[in-house]
Amino acid sequence: MKKVTKKLIAAMALVLICAVCFAYGCASDPGDSGKTQTPAGNNATAAPATSGTSDDNGYVFKHGDVTVIMNAPAADIIAALGTPRSYYEEPSCAFEGMDKTYSYGSFDVTTYTEGGADYISGVVLWDDSVETPEGLYIGAKAADVTKAYGVDAAGKTNVSVTRGKSNIIILLKDDTVTSIQYLAIY
Amino acid sequence: MKALKIIIRIAAALLVFALGIWLLQRLLVPKYVTENEEGLLVKEYYSYAGGNDVLFIGDCEVYSNFSPVRLWQDFGITSAIRGSPQQLIWHSYYMLEDTLRYETPKVVVFNVLSMKYGEPQSEAYNRLALDGMKWSDVKYRAIKASMTEEEADSEALTVASYVMPILRFHSRWNELTGADFKYMFGTRQLSHNGYVMRIDVKPVDTIPKAAPLPDYSFADVCWDYLEKIRTLCDRNGIQLILIKAPTLRPHWYDEWDEQIVKYAEEKGLCYVNILNEVETIGIDYTTDTFDAGMHLNLSGAEKLTKWFGTYLKANTALPNHRGEAEYEEKWIDRIDYYNEMAEAQAKQLSENGKLDGYWGD
């Protein structure tokens, strides 16, 4: 009878352990943070601008020789952009590290932290002294949006275009572009 | 007789097995003592539930910015904060429902920042809001309402993982530290009736410009829950006050504010955007914040609380309980712990030049 009891206990333990492992994410390891987003695996950094946008990198922003790629490791890009006019950091809402904002006057670059390293999370253009590689700038017309990105912006207050792991949000007022914002898609 | 023996053995085996699983679970769940300490807040509420005339619900903008101890000391107002990191509006609603199982406050203060989030942001924040909540149908509904898309894909398992957190945290076995063993059966008290104290200073140097948004409308789900909060308060004879705490980040857009003003007017509620009162309150962002404007430190929280106590006196019929033995007795220990933590943090700050933890040790 003792053997039967032991077998029962062993069977119960085995069933429970299997259930635990299979049922809830041996594959997923939420840990304390539970953050699920991962960088897009972009290995491009502050590569010199050689051509227009690349499908692999999605929509990029270029400033001089510096290419800012969404979800790319931020360190080299930020270094290449030079000293920002101002810098702000705040604890990340995504739970890990700090969200950082580097302001360069005409544009801001923001980063997030993943696995101890910073990655590009966005770019905001503030004035017409900078433009996207596709030629869009603050103050451009709705027709320019169509020309640059192939979307109809006439009469709209905002349009959004996506390529790879990047998104550009374009705001308009009276058919004139008022804001251009790059966002990384996690 | 033999059958009875078998039953007893099986029952004993089951008991030992359950005890083993429970112990393992105690060991593996995060203790929130060395990181993400705010994970303690929801659970801590049950230790100070009862007799609170004011209940604050919301995210870090309530638990970092308002001091119930000061409200008691300066105004004789009893209060508690049910806050959690990035508490979304549906979390807040269920915090209120859960609170009503233990007490009925006279005033509920809801911080409206979470109106900006129309969908669950992260499973981790659900854990911080819900893991500490005692089991009830309220918690069950809160879990169902809060699931991220990923959690909802395996809904039954997600619910099961709240019943048995070991299902969620089993993989922490290789991250265990001494604290997991030390605090296996009980953690330290972090908050002061829900207030999380920080005395250090990180001044506001610069605040990034807020990018314009494509759409400033709050999501329907947020309006629905705000209305649920309002009607729940109404049904229980509770006065609801809406606030926007005076912190500079995340940015609070004027377009958002206008919507809340309109709602409050329509429903006959008090709404105060405290960002407009910063000068009156005397908040100095070079000395009154510990993280460059996201949250107030103790100095800022005490200034804000003093102003808010006056606001409450002017806009509610809250009683002053000072001098009532039952209350005095309850609050004396809380005041002691509050002062003790402030002193410990001050000591650590002066010795190390920085704070390593809330407890100052």
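Sequence lines, in order, name chains A and B.
No gaps in the numbering here: position 149 of the first sequence is 149 in our numbering, and each next residue is one more.
No gaps in the numbering here: position 310 of the second sequence is 1310 in our numbering, and each next residue is one more.
In this text, a Cβ means the ideal position worked out from N, Cα and C, and glycines have one as well.
- At a Cβ-Cβ threshold of 8 Å, residue 1026 of chain B and residue 1147 of chain B do not count as neighbours.
- Here the alpha carbons of residue 1298 of chain B and residue 1341 of chain B stand approximately 11 Å from one another.
- The residues 81, 84 and 85, in chain order, have a CB closer than 7 Å to that of residue 104 of chain A in the same chain once the five nearest residues on each side in sequence are set aside.
- Under the 8 Å Cβ criterion, the region 1303 to 1319 of chain B counts as touching the region 1051 to 1059 of chain B, having at least three qualifying pairs.
- Non-local beta-carbon contacts of residue 1034 of chain B in its own chain, meaning distances under 8 Å to residues more than five positions away in sequence, involve 1177, 1179 and 1357 in chain order.
- Within the region 1211 to 1224 of chain B, the residues whose Cβ lies closer than 7 Å to some Cβ of chain A are 1211, 1212 and 1214, listed in chain order.
- Neighbours of residue 1244 of chain B across chain A, judged by C-beta separation under 9 Å, do not exist; the nearest C-beta is about 18 Å away.
- Around residue 90 of chain A, the beta-carbon contacts reaching into chain B at under 9 Å are 1249, 1250, 1291, 1292, 1293 and 1294.
- The CB of residue 1203 of chain B never comes closer than 8 Å to any CB in chain A; the least such distance is about 12 Å.
- Here DSSP, grouped into helix, strand and coil, assigns residue 1271 of chain B to strand.
- The alpha carbon of residue 1334 of chain B has as its nearest neighbour, out of B/1255, B/1193 and B/1261, the alpha carbon of B/1193.
- If the five residues before and after residue 137 of chain A are omitted, its C-beta is found closer than 6 Å to the C-beta atoms of 128 and 131, all from its own chain and listed in chain order.
- Leaving aside the five residues that flank residue 116 of chain A on each side, the residues in its chain whose CB is nearer than 8 Å to its CB run, in chain order, 97.
- By the Cβ-count criterion, residue 1235 of chain B is exposed, with fewer than 16 other Cβ atoms from all chains shown falling within 10 Å of its own Cβ.
- Annotated as distal: residue 1058 of chain B and residue 1321 of chain B, with beta-carbon spacing of 8 Å or more.
- Proximity of residue 1283 of chain B to chain A, defined by a Cβ-Cβ separation below 8 Å, is not satisfied.
- For residue 68 of chain A, the closest alpha carbon among the candidates A/176, A/109 and A/167 is that of A/109.
- Taking residue 1080 of chain B as reference, the option from B/1269, B/1191 and B/1133 with the minimal CA-CA separation is B/1191.
- At a cut-off of 8 Å, the C-beta of residue 1165 of chain B has no neighbouring C-beta in chain A.
- Under the three-state reduction of DSSP, residue 1338 of chain B is assigned to helix.
- Contact of residue 158 of chain A with chain B by beta-carbon distance below 8 Å involves 1214 and 1215.
- In this structure residue 1264 of chain B does not touch residue 1065 of chain B by the C-beta definition: roughly 20 Å separates them, more than the 8 Å allowed.
- Around the beta carbon of residue 1292 of chain B, 16 or more other beta carbons sit within 10 angstroms, so the residue counts as buried.
- Residue state for residue 1095 of chain B is assigned as helix, using DSSP reduced to three classes.
- Look at residue 157 of chain A here: in three-state DSSP terms it is coil, with no helix or strand label.
- By the Cβ test, the region 1148 to 1165 of chain B is not in contact with the region 1094 to 1105 of chain B, since fewer than three Cβ pairs between them sit closer than 8 Å.
- DSSP places residue 183 of chain A outside any alpha helix (DSSP H); the residue lies instead in the beta strand (DSSP E), whose first and last residues are 176 to 184.
- Around the beta carbon of residue 99 of chain A, 16 or more other beta carbons lie within 10 angstroms, which makes this residue buried.
- Assigned with DSSP and collapsed to three states, residue 1079 of chain B falls in strand.
- For residue 1332 of chain B, the three-state secondary structure derived from DSSP is helix.
- Neighbours of residue 169 of chain A in chain B, taken as residues at a C-beta separation under 8 Å, are given in chain order as 1214.
- The beta carbons of residue 1042 of chain B and residue 1133 of chain B sit closer together than 8 Å.
- In the three-state scheme derived from DSSP, where H, G and I count as helix and E and B as strand, residue 165 of chain A is classed as coil.
- Counting of Cβ neighbours within 10 angstroms places residue 1324 of chain B among the exposed residues, the total staying below 16.
- Annotation: residue 88 of chain A to residue 121 of chain A spans about 14 Å, alpha carbon to alpha carbon.
- Residue environment analysis places residue 1108 of chain B among the buried positions, since at least 16 neighbouring C-beta atoms fall within 10 angstroms of its C-beta.
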